[in-house]
Amino acid sequence: MGALEGRVAVITGAGRGIGREHALLFAREGAAVVVNDRGGSNSGDGVDVGPAQEVANEIVAAGGRAAANTDDVATWAGAEALVAQAISAFGGLDVVVNNAGILRDGFIPSLSESDWDAVVAVHLKGHFAVIHHASAYWKAEAKAGRRPNAAIINTASASGVTVPNAGQANYGSAKAAIAALTLVAADELERYGVRANAIAPIARTRLTLATPGMGALMAAEAEAEGSFDAFSPANISPLVAYLAGEKCPITGKVFAVQGGAISELAGWHDVKTIETDEAWSIDDIAARLP
Ligand SMILES: NC(=O)c1ccc[n+]([C@@H]2O[C@H](COP(=O)([O-])OP(=O)(O)OC[C@H]3O[C@@H](n4cnc5c(N)ncnc54)[C@H](O)[C@@H]3O)[C@@H](O)[C@H]2O)c1
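Under UniProt numbering, the residue at position 219 of the sequence shown is numbered 219, and the numbers go up by one with no gaps.
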């Protein structure tokens, strides 16, 4: 019996890359999967049902349960329709994996308003919108006496969470906010039987292949590693499947995951405190803070 037998999962951006691996593993482990993917370019332009449909077809051909969906998670209505499809197609919803993403890199002085808005919309609003609609369903279930055993897995990034990546002000800001959103969601939704965690993955996908230097580095290291491909996107999915499981107790955590390594991350914390017993003077701060 699979680790996710009988669970219903929505996975966003599951037509390619890391999300596709999540969908294939979830289905092999017994979950019914709504494979959401807009099917657009790296920068989020265009719509194509192909990627989501191909993954859904692959799952069904292997004897699993899946349905394709091309709703835009960056819109309230798209996220609502996605959640509704899972409930109508498979009779409920147990897991949300927020994974859809785009890149529109640029340095701050030249980053356009539309490149800021699009990246923040797909990542941050796209996470929140799906969480919002799924949580409304889970809250109603809990109020009706059917306490959910549900899980949310969000996708943050080292860019924003552990490193300030030059050229990714939009992406890094959204990813840091996703880590914060995860902690708030874990805190708020526990009362309805919902856990929330996030991952910060590193893997070879079209997004990282488009990052200067990354493609060649990953290919060279994969070859040097021999049989274990440390940059395969499939390395990310077992952690996500574990976090999605009924028996997993973990909530409110962010994990870095790449190759054979999983690290628990922790956020902002005090590193230095200066204190006064009276009102601060600017000079006093200047003398003591640097
Ligand atoms: N690959 C890495 O090393 C890496 C590192 C850190 C974070 N991430 C994150 O992992 C996630 C998956 O990225 P990936 O590397 O597999 O890239 P990818 O481009 O292969 O997959 C992302 C998918 O999301 C889909 N998508 C984009 N906008 C969408 C929308 N509005 N609605 C629905 N689907 C949409 C795309 O069509 C694409 O198929 C992203 O959130 C990314 O930021 C990846």
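Ideal Cβ positions, reconstructed from N, Cα and C, are used throughout, including at glycine.
If you draw a straight line from the alpha carbon of residue i to that of residue j, how long is it in whole angstroms?
i                 : j                : result
isoleucine 274    : glycine 267      : 21 Å
alanine 61        : valine 97        : 23 Å
alanine 166       : glycine 63       : 45 Å
arginine 146      : tyrosine 192     : 10 Å
glycine 259       : isoleucine 236   : 7 Å
arginine 7        : isoleucine 87    : 12 Å
alanine 56        : asparagine 170   : 31 Å
glutamate 113     : glycine 2        : 46 Å
glutamate 29      : valine 120       : 32 Å
alanine 136       : lysine 253       : 22 Å
leucine 183       : histidine 127    : 13 Å
phenylalanine 107 : glutamine 168    : 7 Å
alanine 234       : valine 271       : 37 Å
glycine 40        : alanine 210      : 15 Å
alanine 186       : alanine 196      : 5 Å
leucine 217       : phenylalanine 90 : 42 Å
serine 281        : proline 109      : 34 Å
glutamine 85      : alanine 118      : 25 Å
alanine 144       : glutamate 278    : 54 Å
proline 148       : arginine 38      : 28 Å
Strictly under 7 Å for the Cβ-Cβ distance: is residue i near chain B by that measure?
i           : result
proline 290 : Chain labels in this structure do not include chain B; a single protein chain is all it has.
With residue i and residue j assumed to form a contact (beta carbons below 8 Å), what rounded beta-carbon distance in angstroms separates them?
i              : j              : result
isoleucine 102 : asparagine 42  : 6 Å
serine 157     : alanine 203    : Their Cβ separation, rounded to whole angstroms, is 11 Å, which puts serine 157 and alanine 203 out of contact at 8 Å.
valine 83      : alanine 100    : Contact flag wrong, Cβ pair sits at about 14 Å.
alanine 129    : tryptophan 76  : 5 Å
histidine 123  : glutamate 80   : With 8 Å as the limit, histidine 123 and glutamate 80 do not qualify as a contact, their Cβ atoms being about 18 Å apart.
alanine 67     : valine 49      : Wrong, their Cβ atoms sit about 12 Å apart, outside the cutoff.
valine 161     : leucine 265    : 6 Å
isoleucine 131 : isoleucine 152 : 6 Å
threonine 276  : aspartate 283  : Actually they are not in contact, since the Cβ atoms of threonine 276 and aspartate 283 sit about 12 Å apart, beyond 8 Å.
With distance defined between alpha-carbon atoms, name the residue in the options nearest to residue i.
i              : options                        : result
threonine 155  : Gly167, Ala179, Lys143, Arg147 : Ala179
alanine 140    : Pro109, Ala169, Gly92, Ile153  : Gly92
glycine 44     : Leu82, Ala31, Trp116           : Trp116
serine 263     : Ala200, Val95, Glu5, Ile153    : Ala200
valine 163     : Ala176, Asn99, Ala129          : Ala176
arginine 65    : Leu209, Gly46, Phe26           : Phe26
valine 10      : Gly40, Ala52, Ala144, Ser157   : Ala52
leucine 4      : His269, Leu239, Gly252, Val257 : Leu239
glutamate 54   : Ala151, Leu24, Asn197, Ala77   : Leu24
isoleucine 18  : Cys248, Ser227, Leu207         : Leu207
residue 295    : Ala31, Glu21, Lys143           : Beyond the ends of the chain as shown, which are 1 and 290, falls residue 295; an answer cannot be given.
threonine 251  : Val47, Leu181, Asp284, Met218  : Leu181
threonine 70   : Ala89, Ile59, Val34            : Val34
isoleucine 59  : Ala14, Val47, Trp280, Thr276   : Ala14
lysine 125     : Gly78, Gly160, Ala142, Ala89   : Gly78
tryptophan 138 : Ile285, Glu190, Trp280, Ser159 : Glu190
glutamate 21   : Thr205, Ala287, Ala286, Gly245 : Thr205
isoleucine 174 : Ile152, Ser110, Met218, Arg104 : Here residue 174 turns out to be alanine, not isoleucine, going by the sequence shown. When only C-alpha atoms are compared, the closest one is Arg104.
alanine 256    : Glu188, Ala144, Ala198         : Ala198
alanine 261    : Leu289, Asp277, Ala244, Asp229 : Asp229
Based on DSSP bridge pairs, tell me the residues matched to residue i.
i           : result
serine 263  : Ala256
alanine 32  : Val8, Arg65
glycine 106 : Gln168
valine 55   : Answer by DSSP bridge pairing: none, since valine 55 is not bridged.
valine 95   : Ala9, Ala151
Discussion item. Give the list of continuous beta strand (DSSP E) stretches no shorter than 3 residues that lie fully inside the segment 144-214.
Written reply: 150-155, 194-201
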